[in-house]
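What follows is a set of notes on a single structure, which appears directly below.
2 protein chains.
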Amino acid sequence: MNYFPLNAKTIPGYLKQLDNLSSVLIFDSLTIEEVGDGNVNYVYRITSKPNNTSVILKQAVPYLRVAGTEWPLDRNRIEFEARALRLYGSIVPDLVPKLYHVDTSMSVIVMQCLSNHIVLRRGMIAGIEYPRISDHLSTFLAETLFRTSSFCMSSHDKRSLMHNFNMNMDLCKLSEDLIFSFPLMKSDSNYTNPHLKEHIDRLYRDAMFRTNFAWFKYKFMNCTDALLHGDLHTGSIMVNEQETYVIDPEFAFFGPFGFDVGKLLGNFLLASISHYYRSVESKYRSWLMAAGLETVRSFFTKFDTLWAMHLEQETAMFHRGYLRSAERFIFQERFRRSLIQDITGFAGCTIARRILGIAGVADIREVADLTERARLEGIALELARILLNNYASVCTLEDLESLVASFFDGVTSVFRMRTEVSSLY
Amino acid sequence: MNYFPLNAKTIPGYLKQLDNLSSVLIFDSLTIEEVGDGNVNYVYRITSKPNNTSVILKQAVPYLRVAGTEWPLDRNRIEFEARALRLYGSIVPDLVPKLYHVDTSMSVIVMQCLSNHIVLRRGMIAGIEYPRISDHLSTFLAETLFRTSSFCMSSHDKRSLMHNFNMNMDLCKLSEDLIFSFPLMKSDSNYTNPHLKEHIDRLYRDAMFRTNFAWFKYKFMNCTDALLHGDLHTGSIMVNEQETYVIDPEFAFFGPFGFDVGKLLGNFLLASISHYYRSVESKYRSWLMAAGLETVRSFFTKFDTLWAMHLEQETAMFHRGYLRSAERFIFQERFRRSLIQDITGFAGCTIARRILGIAGVADIREVADLTERARLEGIALELARILLNNYASVCTLEDLESLVASFFDGVTSVFRMRTEVSSLY
Numbered sequence: 044m045n046y047f048p049l050n051a052k053t054i055p056g057y058l059k060q061l062d063n064l065s066s067v068l069i070f071d072s073l074t075i076e077e078v079g080d081g082n083v084n085y086v087y088r089i090t091s092k093p094n095n096t097s098v099i100l101k102q103a104v105p106y107l108r109v110a111g112t113e114w115p116l117d118r119n120r121i122e123f124e125a126r127a128l129r130l131y132g133s134i135v136p137d138l139v140p141k142l143y144h145v146d147t148s149m150s151v152i153v154m155q156c157l158s159n160h161i162v163l164r165r166g167m168i169a170g171i172e173y174p175r176i177s178d179h180l181s182t183f184l185a186e187t188l189f190r191t192s193s194f195c196m197s198s199h200d201k202r203s204l205m206h207n208f209n210m211n212m213d214l215c216k217l218s219e220d221l222i223f224s225f226p227l228m229k230s231d232s233n234y235t236n237p238h239l240k241e242h243i244d245r246l247y248r249d250a251m252f253r254t255n256f257a258w259f260k261y262k263f264m265n266c267t268d269a270l271l272h273g274d275l276h277t278g279s280i281m282v283n284e285q286e287t288y289v290i291d292p293e294f295a296f297f298g299p300f301g302f303d304v305g306k307l308l309g310n311f312l313l314a315s316i317s318h319y320y321r322s323v324e325s326k327y328r329s330w331l332m333a334a335g336l337e338t339v340r341s342f343f344t345k346f347d348t349l350w351a352m353h354l355e356q357e358t359a360m361f362h363r364g365y366l367r368s369a370e371r372f373i374f375q376e377r378f379r380r381s382l383i384q385d386i387t388g389f390a391g392c393t394i395a396r397r398i399l400g401i402a403g404v405a406d407i408r409e410v411a412d413l414t415e416r417a418r419l420e421g422i423a424l425e426l427a428r429i430l431l432n433n434y435a436s437v438c439t440l441e442d443l444e445s446l447v448a449s450f451f452d453g454v455t456s457v458f459r460m461r462t463e464v465s466s467l468y
Numbered sequence: 044m045n046y047f048p049l050n051a052k053t054i055p056g057y058l059k060q061l062d063n064l065s066s067v068l069i070f071d072s073l074t075i076e077e078v079g080d081g082n083v084n085y086v087y088r089i090t091s092k093p094n095n096t097s098v099i100l101k102q103a104v105p106y107l108r109v110a111g112t113e114w115p116l117d118r119n120r121i122e123f124e125a126r127a128l129r130l131y132g133s134i135v136p137d138l139v140p141k142l143y144h145v146d147t148s149m150s151v152i153v154m155q156c157l158s159n160h161i162v163l164r165r166g167m168i169a170g171i172e173y174p175r176i177s178d179h180l181s182t183f184l185a186e187t188l189f190r191t192s193s194f195c196m197s198s199h200d201k202r203s204l205m206h207n208f209n210m211n212m213d214l215c216k217l218s219e220d221l222i223f224s225f226p227l228m229k230s231d232s233n234y235t236n237p238h239l240k241e242h243i244d245r246l247y248r249d250a251m252f253r254t255n256f257a258w259f260k261y262k263f264m265n266c267t268d269a270l271l272h273g274d275l276h277t278g279s280i281m282v283n284e285q286e287t288y289v290i291d292p293e294f295a296f297f298g299p300f301g302f303d304v305g306k307l308l309g310n311f312l313l314a315s316i317s318h319y320y321r322s323v324e325s326k327y328r329s330w331l332m333a334a335g336l337e338t339v340r341s342f343f344t345k346f347d348t349l350w351a352m353h354l355e356q357e358t359a360m361f362h363r364g365y366l367r368s369a370e371r372f373i374f375q376e377r378f379r380r381s382l383i384q385d386i387t388g389f390a391g392c393t394i395a396r397r398i399l400g401i402a403g404v405a406d407i408r409e410v411a412d413l414t415e416r417a418r419l420e421g422i423a424l425e426l427a428r429i430l431l432n433n434y435a436s437v438c439t440l441e442d443l444e445s446l447v448a449s450f451f452d453g454v455t456s457v458f459r460m461r462t463e464v465s466s467l468y
């Protein structure tokens, strides 16, 4: 079929000719809503009334949706998303939506509708605690990263898998620019808030911060540890109290282990910072910080467990008898240290770019009062600076935890002081 | 054409149907000799008597030549060699043979015959000084590595180029196994010399050496800095006093910057060690050591010059205005330190595997007296141990130079002492 962009009118006709959807949908009475709040593609929820069943249809257009036709973007991104969803479906089937249909020529995928779930970021803005979230996300991270790495795959298999994602060029370039380049330089796409100007100017003079930031850009572009989701923020996760689904892996590519984990941690911490404004009490703010760190901690535990299970198998990295157990211990310790440093650095980059760059997080950007928003943004930038300028001395998980916790303690006590002072008057 | 293995009888008929060779060869009177001394493919020199012109024909067989049909190896390796030769031809045309013909179905390439040149390793065994070798090889290294990296290419172009080499899987796996795995474990393919046993046993107990070795294996497999030659040893280089040609890039793939440089340095140092036996005087031995280090030094100078030339261009890593000059200086210093460490480590791996593994270097393996050979092998293993166990404290080129020089000084003084002692009797 020749490509054409779908809309509410043309979708029923398009769907009818798909055999594999006739068991899911009753085609006679479909309701179609555009539900995409993302920046990249069009997303429709299609509901068939009689059996009250819904599916999600996602179509890529040949440009970046949020920027319009002026910003071309290869439609093949939907293929990479489909490949990643299929692979994730085989690794962590309970944590990704089921895929019903992939149409390369139309750049369309049809998948499970998560109607009893909301976007995690929205839940966090609303102050909802998700008791199982760290457990689910750490499983997703450990399973997907370990199983697509040279600690688990054979050399041939890993290289073949890499080949299937290597040409996701447009979206890799988008990440390089929007995460790692533009936020550090003059760019029309960058965010401005007059109340934040002084803070940004000060940060822009920090040569150590900027050099470390660029160093992580280099790592992002030149490491191929494992298949990354590539865009694992709290807007790419659908939740309810019981379940967690990771969606939107269209940025999937082979990159450094620390990126997905660091990005996710950064998003938890941004959400936590937003609750200096959103919450009266500190309870939910603390829960967010703790849940982010707990996700990292559980990730390491699960990654180590997977590693232990595979030590006797032939993999690209380890053969039977390659290292003795004491040597493997040294190797693993060194790997862990290097990984926790990368997670720290990538978390810093994520937080900074979400404040400085075009793609802010709703948790903070939706704060209408610019002064209040700048206060949150200033805190976030300071956290980013502290993470990036100290990443090299973070050697253990405990180092990361105490760096983050002491930062939040400091911010909280300033806030408490303010409140106490104002209550005197 | 359906694939069949060529031989001296079938080559003339095969060549006659190639239009683009009729300007080079006179087909009526061809002399054909098998000249390959490599382990992987078949190589023929084809000379047409009347005009005294020669070409080289190289054909891949579907197995590893040295091991026989029991060790299958994809014939597509010749395509990767052709791709690399073409690319190198556009970057450093004077340093690689001209390519006349590529035949994918027959896994054949036909190229310039370097009849006035010998294999560098042979020249080094014979004790010949090549006054321009460091200049030529450092140019090859700097140009090919810089120009295929994200410091020079755009993000899209680099990713596309990577895609053209990513599936060179069989040869990548061969390197992983033969360089980085088997030498560190029990393997039938490993070398044995009874006089070396104690030395090897001692080295095998060195947990730091073994862990660092494995760490470099990990880097080799998971970095994609630039297009590597992948097998840049002194047997892959043809020379005379004036000219230098790099041949045999069939292992080409995207890997870490330090690998080609470190591998080449390791081969110079192995040659140098062999002259504790081959030379009466220390002059040539010192020249070899100095030429290896000079190649690394010039590589850095030329790499930096290329970098300086490209700082104002848009590349994957740097945009105009991305970093200020002081910040770029910090970044480059850090990059250099990391690279010199990698070169040190990879040189150590190369030296160790050439002693412990199946593919020894003729410089040492051809020493017939097993006791004398073991003496050289012991020196080489000790150098490998020193490079790998100290790589992390090598921060500058000077650190590397003094580490290597002081090692050779130590070995030389032991030798002098022996000579003096024996001259007393």
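Chains as they are written, first to last, in the numbering used here: chain A, 44 to 468; chain B, 44 to 468. Don't be surprised by glycine CBs; every beta carbon is placed ideally from N, CA and C.
What residue from the options has the CA that sits closest to residue i's CA?
{"i": "Leu307 (chain B)", "options": "B:Tyr319, B:Ala334 and B:His318", "result": "B:Ala334"}
{"i": "Ile152 (chain A)", "options": "A:His353, A:Ile54 and A:His272", "result": "A:Ile54"}
{"i": "Leu163 (chain B)", "options": "B:Val404, B:Ser449, B:Phe194 and B:Arg245", "result": "B:Val404"}
{"i": "Glu441 (chain B)", "options": "B:His318, B:Val109, B:Asn94 and B:Arg380", "result": "B:Arg380"}
{"i": "Ala103 (chain A)", "options": "A:Ala351, A:Tyr46, A:Phe389 and A:Asp220", "result": "A:Tyr46"}
{"i": "Phe300 (chain A)", "options": "A:Phe189, A:Ala110, A:Ile290 and A:Lys326", "result": "A:Phe189"}
{"i": "Pro140 (chain B)", "options": "B:Ala390, B:Asn433 and B:Ser158", "result": "B:Ser158"}
{"i": "Ala417 (chain B)", "options": "B:Met460, B:Ala395, B:Met228 and B:Leu239", "result": "B:Leu239"}
{"i": "Glu172 (chain A)", "options": "A:Leu331, A:Leu413 and A:Arg371", "result": "A:Leu331"}
{"i": "Phe297 (chain A)", "options": "A:Pro226, A:Asn50, A:Tyr106 and A:Lys262", "result": "A:Lys262"}
Would you check if the distance between the CB atom of residue i and the CB atom of residue j is smaller than 8 Å?
{"i": "Ser341 (chain B)", "j": "Ser181 (chain B)", "result": "yes"}
{"i": "Leu349 (chain A)", "j": "Val447 (chain A)", "result": "no"}
{"i": "His206 (chain B)", "j": "Tyr288 (chain B)", "result": "no"}
{"i": "Val30 (chain B)", "j": "Arg108 (chain B)", "result": "In this structure chain B extends from 44 to 468, so residue 30 (chain B) is not present and cannot be described."}
{"i": "Gly400 (chain B)", "j": "Ser197 (chain B)", "result": "no"}
{"i": "Met264 (chain A)", "j": "Ser203 (chain B)", "result": "no"}
{"i": "Ile89 (chain B)", "j": "Leu73 (chain B)", "result": "yes"}
{"i": "Asn236 (chain A)", "j": "Leu354 (chain A)", "result": "no"}
Please work out which residues of its chain come closer than 6 Å, Cβ to Cβ, to residue i, disregarding the five sequence neighbours upstream and downstream, and give them in chain order.
{"i": "Thr393 (chain A)", "result": "Lys306 and Gly309"}
{"i": "Val145 (chain A)", "result": "Ala125 and Ile152"}
{"i": "Val86 (chain A)", "result": "Val78, Gly79 and Lys101"}
{"i": "Ile316 (chain B)", "result": "Leu419, Ile422 and Ala423"}
In three-state DSSP terms, what is residue i?
{"i": "Met281 (chain A)", "result": "strand"}
{"i": "Ile69 (chain A)", "result": "coil"}
{"i": "Phe194 (chain A)", "result": "coil"}
{"i": "Met205 (chain B)", "result": "helix"}
Can you name, in chain order, every residue of its own chain whose Cβ lies under 7 Å from the Cβ of residue i, other than the five neighbours on each side?
{"i": "Val304 (chain B)", "result": "Leu184, Val339, Phe342 and Ile386"}
{"i": "Ser322 (chain A)", "result": "Gly170 and Arg328"}
{"i": "His242 (chain B)", "result": "Gly421 and Leu424"}
{"i": "Trp320 (chain A)", "result": "It should be noted that the sequence gives Tyr, not Trp, for residue 320 (chain A). Excluding sequence neighbours, Tyr320 (chain A) sits near Val410, Glu415 and Leu419."}
{"i": "Arg428 (chain B)", "result": "Leu246, Asp249 and Phe252"}
{"i": "Lys59 (chain B)", "result": "Phe70"}
{"i": "Phe374 (chain B)", "result": "Leu366"}
{"i": "Leu142 (chain B)", "result": "Ala125, Leu128, Arg129, Gly132, Ile152 and Met154"}
Does the Cβ of residue i lie closer than 7 Å to at least one heavy atom of the ligand HEM?
{"i": "Tyr247 (chain B)", "result": "Although the ligand HEM was asked about, the structure shown includes no ligands whatsoever."}
Open item on the list: Which residues of the stretch 425-452 of chain B have a Cβ closer than 8 Å to any Cβ of chain A? Give them in chain order.
Closed with: none
Task: Cβ-based contacts, 9 Å cut-off: residues of the stretch 373-388 of chain A near chain B - done: Ile373, Phe374, Arg377 and Phe378
- [ ] With 8 Å as the C-beta to C-beta threshold (strictly closer), list the residues of the stretch 393-427 of chain A near chain B in chain order.
- [x] none
Task: Within 9 Å of chain A by C-beta, residues of the stretch 354-365 of chain B in sequence order - done: Ala359, Met360, Phe361, His362, Arg363, Gly364 and Tyr365
- [ ] Using a Cβ-Cβ cut-off of less than 7 Å, give me the residues of the stretch 245-257 of chain A that come near chain B, in sequence order.
- [x] Ala250, Arg253, Thr254 and Ala257
Task: Near-chain A residues of the stretch 190-214 of chain B (beta-carbon distance less than 7 Å), N- to C-terminal order - done: Ser193, Ser198, His199, Arg202, Met205, His206, Asn209, Met210 and Met212
- [ ] Using a Cβ-Cβ cut-off of less than 8 Å, give me the residues of the stretch 229-243 of chain B that come near chain A, in sequence order.
- [x] Lys229
Task: Positions along the stretch 263-295 of chain B whose CB lies within less than 7 Å of some CB in chain A - done: Met264, Asn265, Cys266, Thr267 and Asp268
- [ ] Select from the stretch 73-86 of chain A all residues with a C-beta closer than 8 Å to any C-beta belonging to chain B, and list them in chain order.
- [x] none
- [ ] Compile a chain-ordered list of the residues in the stretch 333-350 of chain A whose CB is closer than 7 Å to at least one CB of chain B.
- [x] none
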